[in-house]
Amino acid sequence: MRIDILSAVPDLLKGPFSESIVGRARQAGVVEVEVHDIRQWSTDKHKKIDDTPFGGGAGMVMAIQPIVDAIADLKSQRDYDEVIFLTPDGDRLDQPRVNQLSLSGNLLLLCGHYKGIDQRIREHVITMEISIGDYVLSGGELAAAVLADALVRLVPGAIGDGESALTDSFQDGLLAPPVYTRPAEWQGHKVPDVLLGGHHADIDKWRMEQAMERTQRLRPDLLDEA
Ligand code: 6GU
Numbered sequence: 000m001r002i003d004i005l006s007a008v009p010d011l012l013k014g015p016f017s018e019s020i021v022g023r024a025r026q027a028g029v030v031e032v033e034v035h036d037i038r039q040w041s042t043d044k045h046k047k048i049d050d051t052p053f054g055g056g057a058g059m060v061m062a063i064q065p066i067v068d069a070i071a072d073l074k075s076q077r078d079y080d081e082v083i084f085l086t087p088d089g090d091r092l093d094q095p096r097v098n099q100l101s102l103s104g105n106l107l108l109l110c111g112h113y114k115g116i117d118q119r120i121r122e123h124v125i126t127m128e129i130s131i132g133d134y135v136l137s138g139g140e141l142a143a144a145v146l147a148d149a150l151v152r153l154v155p156g157a158i159g160d161g162e163s164a165l166t167d168s169f170q171d172g173l174l175a176p177p178v179y180t181r182p183a184e185w186q187g188h189k190v191p192d193v194l195l196g197g198h199h200a201d202i203d204k205w206r207m208e209q210a211m212e213r214t215q216r217l218r219p220d221l222l223d224e225a
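Sequential numbering of the sequence shown, starting at 0, is according to numbering that gives the first Met the number 0.
And the structure:
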């Protein structure tokens with residue numbers, strides 16, 4: 000899988016993609032993640048990428064030229080399964096959508112900034128719009144990092160223990176059961192006996208019961224959907 004990200008603030012994305020699972024997956028060549036500065040496509044002599052909104056009002060709007068030229072340039076190098084705009088008024092991201100997108104070969108993500116992007120880009124170039132939740136971020140970069148992280152962990156080879164992405168919370172529609180490690184007793188608080196017993200069938204049953212109980216108590220809406 001390859002993910003290209005277009006941003007006005009590319010430095011914001013350096014950290015999340017150089018550490019941990021995403022960083023290791025890139026180093027291992029399991030995924031490619033490339034962040035591009037939209038400014039490099041601006042034909043303006045000051046490399047401007049925004050302009051004042053028609054009709055007036057506060058804030059700036061990201062202009063058509065740099066974004067559309069950037070997308071055309073990247074599209075000339077490879078085909079994209081989707082051109083995704085990260086925006087608070089997009090479709091709310093959830094695990095089924097992440098699973099579906101994780102089957103893509105190439106994805107192009109566009110991060111919005113300022114008051115947004117010219118509507119004509121959304122109508123004629125973008126193929127999918129995604130939000131990561133009902134709150135407003137200063138730009139799409141952190142949302143793109145969230146989406147890319149959720150995607151990369153599903154790519155075969157990104158996670159050492161092949162099973163572990165499948166046992167994530169939400170992957171079976173349930174919250175994950177609690178986990179423990181040494182010591183078996185801490186300040187009088189003990190690890191559940193069943194986990195120390197070594198009976199795998201009992202352990203699996205306990206984990207499923209815990210997952211069901213936690214989902215029922217904390218996120219009953221997930222059970223309604225299932
Ligand atoms: Cl994708 N962008 C911005 N700016 N804010 C958000 C968001 C995206 N998703 C939730 N809030």
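Even for Gly, the Cβ is constructed at its ideal location relative to N, Cα and C.
*Applying the criterion that 16 or more other CB atoms from any shown protein chain within 10 Å of the CB defines a buried residue, is Y134 buried or exposed?*
Here residue 134 corresponds to residue number 135 of the sequence shown, with the count starting at 1. Counting Cβ neighbours within 10 Å, Y134 comes out exposed, since fewer than 16 surround it.
*Who are the near neighbours of G156 in its chain, counting only those whose CB is closer than 6 Å to its CB and skipping five residues on each side?*
Residue mapping note: residue 156 aligns to position 157 of the sequence shown, counting from 1. V29.
*For ligand 1, any of its heavy atoms closer than 8 Å to the Cβ of P87?*
To locate residue 87, count along the sequence shown from 1; it is residue 88. The closest heavy atom of ligand 1 lies less than 8 Å from the beta carbon of P87.
_Length of the line joining the Cα atoms of T166 and I4_ = Residue 166 sits at position 167 when you count from the first residue of the sequence shown. Residue 4 sits at position 5 when you count from the first residue of the sequence shown. So the two alpha carbons sit approximately 28 Å from each other.
*Please find out if some non-hydrogen atom of ligand 1 comes closer than 8 Å to the beta-carbon of L136.*
Within the sequence shown, numbered from 1, the residue matching residue 136 stands at position 137. Yes, Cβ of L136 sits closer than 8 Å to a heavy atom of ligand 1.
*Does any heavy atom of ligand 1 sit closer than 8 Å to the C-beta of S6?*
The residue you call residue 6 lines up with position 7 of the sequence shown. Distances from the CB of S6 to the heavy atoms of ligand 1 are all 8 Å or more.
*Spatial neighbours of L153 in its chain, beta-carbon cut-off 6 Å, leaving aside the 5 residues before and after*: As a first step, residue 153 is located in the sequence shown; it is residue number 154 there, counting from the start. For L153, where only same-chain residues beyond five positions count, the Cβ hits under 6 Å are S101 and A164.
*Which residue comes first and which comes last in the beta strand (DSSP E) that contains R91?*
Here residue 91 corresponds to residue number 92 of the sequence shown, with the count starting at 1. For R91, the enclosing beta strand (DSSP E) covers residues E81 to R91.
*Does any heavy atom of ligand 1 sit closer than 8 Å to the C-beta of D93?*
For this step, residue 93 is matched to residue 94 along the sequence shown. No - ligand 1 has no heavy atom lying nearer than 8 Å to the Cβ of D93.
_Rounded to the nearest angstrom, what separates E140 and I66 at their Cα positions?_
As a working mapping, residue 140 is identified with position 141 in the sequence shown. As a working mapping, residue 66 is identified with position 67 in the sequence shown. Cα to Cα, the separation comes out at about 15 Å.
_With 16 other Cβ atoms within 10 Å as the buried cut-off, status of A142_ = For the purposes of this step, residue 142 is identified with residue 143 of the sequence shown, where counting begins at 1. Under this definition A142 is a buried residue.
*So, using beta-carbon positions, are F84 and E128 closer together than 9 Å?*
As a working mapping, residue 84 is identified with position 85 in the sequence shown. As a working mapping, residue 128 is identified with position 129 in the sequence shown. Cβ distance < 9 Å, so F84 and E128 count as in contact.
_Measuring only the C-alpha atoms, how far is H35 from T51?_
Along the sequence shown, one-based indexing puts residue 35 at 36. Along the sequence shown, one-based indexing puts residue 51 at 52. Distance between the alpha carbons of H35 and T51 is about 24 Å.
*Buried or exposed: which applies to D49, given that a residue is buried once 16 or more other Cβ atoms fall within 10 Å of its Cβ?*
For the purposes of this step, residue 49 is taken as the residue at position 50 of the sequence shown. The residue in question, D49, is buried, as its Cβ has 16 or more Cβ neighbours within 10 Å.
*Would you report the Cα separation of E33 and R1, rounded to the nearest angstrom?*
Counted from its first residue, the sequence shown places residue 33 at position 34. Counted from its first residue, the sequence shown places residue 1 at position 2. Cα to Cα, the separation comes out at about 8 Å.
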